[in-house]
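Positions 4 to 680 (this note's numbering) are the ones given, in order, by the sequence shown.
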Amino acid sequence: MLDLRSHVSRIVSSANQLALPPGAAAEGKFRALRAADTMAASWRRCMEGYRFDPGAKFRIESVSEAELKLQREANDELIHFARPEIDAMFGAVSLSGFSISLGNIDGYIISERANYNPEFYSEVERAGTAWAEPSAGTNAIGTCLVERQPVGVYTNDHFFYEFSALSCASAPLFSPDDELLGAINISIRNPELQRETLKVVLGLTSGLADRIGERMFRKAFRRNYILKFATGPVDHGLIAFDGDFQLVGLNHAAREMLRDRVQLARVRSLWAVFERDHRLIDLARLGGAELTLHLQKGGDAITVSLSGPMEVPSAGARPAASADPAPRMRPAPAPARPSARVLTLDDCAGSDPRMTTNVRFVRRVLGGSLPILLLGETGVGKDAFARAVHEESPRRAAPFVAFNCASVPDTLIDSELFGYGSGAFTGARREGSPGRLVEADGGTLFLDEIGDMPISQQTRLLHVLESGEVTPLGSGKPRRIDVQVIAATNQNLEAQIARGLFRQDLYYRLAGAVIDIPALRERADRRELIEAVFASLAEGRRLTLAPDALALLMNHDWPGNVRELRHVLNRAVHVCEGGVLTARDVAIRPGARMAAAVAPGPFAAAPISPMPFAGAEACGSEIEAAGSARHAIAAAEREAIVATLARCGGNVKAAAAALQLSRATLYRKLQRYQIVH
């Protein structure tokens, strides 16, 4: 590892030695630099683009627990697909002291696996720290996101000397339609690490990214046939097509390999990529087979493996081909199933008198642009009601755009909702972004959790509602829009107004028609709802609901409302043995409101479920043996947390407040007890 003086000299000298095209603009200049030398190009960006000094003292930025929670929620699907692969890899690399972290598109670490060995773990790489290149200089995550390719950064390759004990290897993660989502990173704090070792780790990281991407791709195109083939030592191309051999998706590796061979924007058929092969006529018979296909324009032979649909479409239906001529291909739409259809307003009303009145009132105001405000507890189905309003309105042929004001960090709401122009800020897409308001033009914008919108953004939203115009960030050109706004909240907005957290004038703007959706326990048609949800979840199985189970479900107070009902019944359907679902299959206590007994402290009067403590065996190293006092306390604490989360509809912030715990402490307990929320 170099000393500070040598470190600075090397970076400045290497960056200055890069030859620049004469008269090149900054954008073209840096493109040329990237092609010449990844590290030197990054150092040059740091000095010229970000005005960093390699000899300056540097402190890594980090976000609060609250913002980290929001960033995790915004990337929950990515975390879901990445976690199994990270866990599988961690067992191997942790033995040598390496940690694995997941960075989002903005360079923030949103998840990590580490054994926290002080000899090898660096606190500066904890979850919530900011590693975008414009924030932290040359580093594996940040530079990988700029380059859109795997990057290894060895000790003094880091721009700032403070990080020169670290060695990191990152690979980009792409969505099934080739959108950059973030980066996976394997790192260690070890000044003695050999550079050759980092090269091996970079290969492991690239393979890890490849497997995560494949998981997402196969899920997105689960109703299609998929060809898989190697494009590098650890990378694989994936092509999805339907039963008519029409292309519906290509992953990033396949696009990169085919970019110079075919015009992806015009490709619709598999036979525009490969020469026709008669063996593929009987697709069903070839599922799981390996065969050699020949590329068009050159005839290069490629060994591919063919896999059939993971989900079989309903009888008579075939996966539809993509009709989108743009390069971004999307999964073929799934054939509609009765349980997955969009609910109508009549479905939402059921036979409950209050809901019937609500629906009758909504139908009188449909067709205009009068804002609608939906009130009700978490889990009552405000989002389903909003979509039903859209589907019954004259705007149903236009987009329905949903935006959750609580799931996006405060700093990103402006750009996500109102959009931004080209080059509006560092890290912005070159072409800009229209924003959700413009995307909903002519249709419906659903603003969920409106009570959590920051006051500064409320002002901008009010202006849009009053003027009918939206001006993207970094652009002076306002755009006229026509949207039906439906807002929803489980908060008391009048109390929020009194505390100065919500603008009164915005409330009046949104409350053109106020709909109060009753809680499940208050609905007169509760039995019908229970039976309908059970029927949808038990579809395809010959299951009946026993009278004792129905009585238990009817007597429960449902603090989590329809969402909790669906969760409880989904679990019961899966654990049920035989053809009758009984009260023994339902994991709620008779006549009890979950978490109603939770007193001010996190353990006091916590309800103990009659079901076995699911976490005891899995967390044996952290929880005392069954029957001990510590085990009883841990079981009670776990049940209290589960119950409170259910009552709060999965909202960790609200659950932490109810339990009188900090959110950081609650997150640790969720991890300790392996509670999925």
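Glycine included, every Cβ here is placed at the ideal spot set by N, Cα and C.
| said: Please state the DSSP three-state secondary structure of T306. | reply: strand
| field | Inter-stretch contact at 8 Å, needing at least 3 Cβ pairs: the segment 358 to 372 / the segment 529 to 546 | value | no
| said: Considering only DSSP beta bridges, list what H297 is partnered with. | reply: A304
| said: With three or more C-beta pairs closer than 8 Å as the rule, is the segment 130 to 137 touching the segment 107 to 118? | reply: yes
| field | For P562, three-class secondary structure by DSSP | value | coil
| query | Between which two residues does the alpha helix (DSSP H) harbouring E442 extend? | reply | 438 to 442
| query | Where do the N-terminal and C-terminal ends of the alpha helix (DSSP H) with N361 fall, by residue? | reply | 356 to 368
| request: Out of V655, G206, L71, C49, state which residue places its alpha-carbon closest to the alpha-carbon of G58. | output: C49
| request: Have a look at the DSSP bridge pairing and note the partners of C408. | output: None, per the DSSP bridge assignment.
| field | Exposed unless 16 or more other CB atoms sit within 10 angstroms - verdict on K480 | value | exposed
| request: Please report how far the alpha carbon of P25 lies from the alpha carbon of H255, in whole angstroms. | output: For P25, the predicted structure reports a pLDDT of 47, less than 50, and the residue's modelled location is therefore unreliable. A value from the coordinates is still provided. Looking at the two C-alpha atoms, the distance is approximately 33 Å.
| Pairing CB atoms from the segment 271 to 280 with CB atoms from the segment 197 to 216, are three or more of them under 8 Å? | no
| When A554, G515, G185 are compared against I82, the one with the closest alpha-carbon | G185
| task | With DSSP as the reference, please indicate the residues paired to K231 in a beta bridge. | result | L241, S308
| field | Identity of the residue in S167, I489, S173 nearest R151 by Cα | value | S173
| task | Quick one: grab the DSSP three-state call for N188. | result | strand
| request: Answer yes or no: does any C-beta atom of chain D fall closer than 8 Å to that of E70? | output: Given the protein chain composition of this structure (a single chain), no chain D is represented.
| message | Tell me which residues share the same chain as D551 and place their Cβ nearer than 8 Å to its Cβ, disregarding the 5 neighbours each side in the sequence. | response | T585, A586
| Who are the Cβ neighbours of L348 in its own chain at under 6 Å, not counting the five residues just before and after it? | V362, A391, E395
| request: Give the secondary structure of N254 by DSSP, where H, G and I count as helix, E and B as strand, and everything else as coil. | output: coil
| Do V473 and R482 have their CB atoms nearer than 8 Å? | yes
| said: Using a Cβ-Cβ cutoff of less than 7 Å, which residues in the same chain neighbour T690 once the five nearest sequence positions on both sides are dropped? | reply: Missing from the structure shown is residue 690; the chain here goes from 4 to 680 and no further.
| query | If you drop the 5 nearest sequence neighbours on each side, which residues of the same chain put their C-beta closer than 8 Å to that of L669? | reply | I644, V655, A658, A659, L662
| A172 - containing alpha helix (DSSP H), residue span | Segment 169 to 177 is the beta strand (DSSP E) holding A172; no alpha helix (DSSP H) there.
| Per the contact definition of three or more C-beta pairs closer than 8 Å, is the segment 443 to 459 in contact with the segment 491 to 505? | yes
| message | Please state whether the Cβ-Cβ distance between L378 and V517 is less than 8 Å. | response | yes
| field | T447 - DSSP class collapsed to helix/strand/coil | value | strand
| Rounded straight-line distance, which links the Cα of D355 to that of I533 | 13 Å
| task | Report yes if the CB atom of R641 is closer than 8 Å to the CB atom of G563, and no otherwise. | result | no
| said: the ligand GDP and Q494: does the residue's C-beta get closer than 7 Å to at least one heavy atom of that ligand? | reply: Of the ligands one can find in the structure shown there are none, so the ligand GDP has no counterpart to examine.
| said: For L176 and S272, what's the separation of their Cα atoms in angstroms? | reply: 26 Å
| request: Rounded to whole angstroms, what's the CA-CA distance from G319 to S114? Just pull it up for me. | output: Low per-residue confidence applies at G319: pLDDT is 41, beneath 50, and the placement is therefore not dependable, though the value from the model is reported in the following sentence. Roughly 43 Å between the two C-alpha positions.
| query | If you run the structure through DSSP and keep just helix, strand and coil, what is S114? | reply | strand
| task | Could you tell me the boundaries of the alpha helix (DSSP H) in which D386 lies? | result | 385 to 395
| query | Apart from the five residues just before and just after M146, which ones in its own chain have a Cβ nearer than 6 Å to its Cβ? | reply | The sequence shown places Thr at residue 146, not Met. Only S45, E136, V154 meet the Cβ criterion.
| Option in Q461, V486, L464 with minimal Cα separation from G445 | V486
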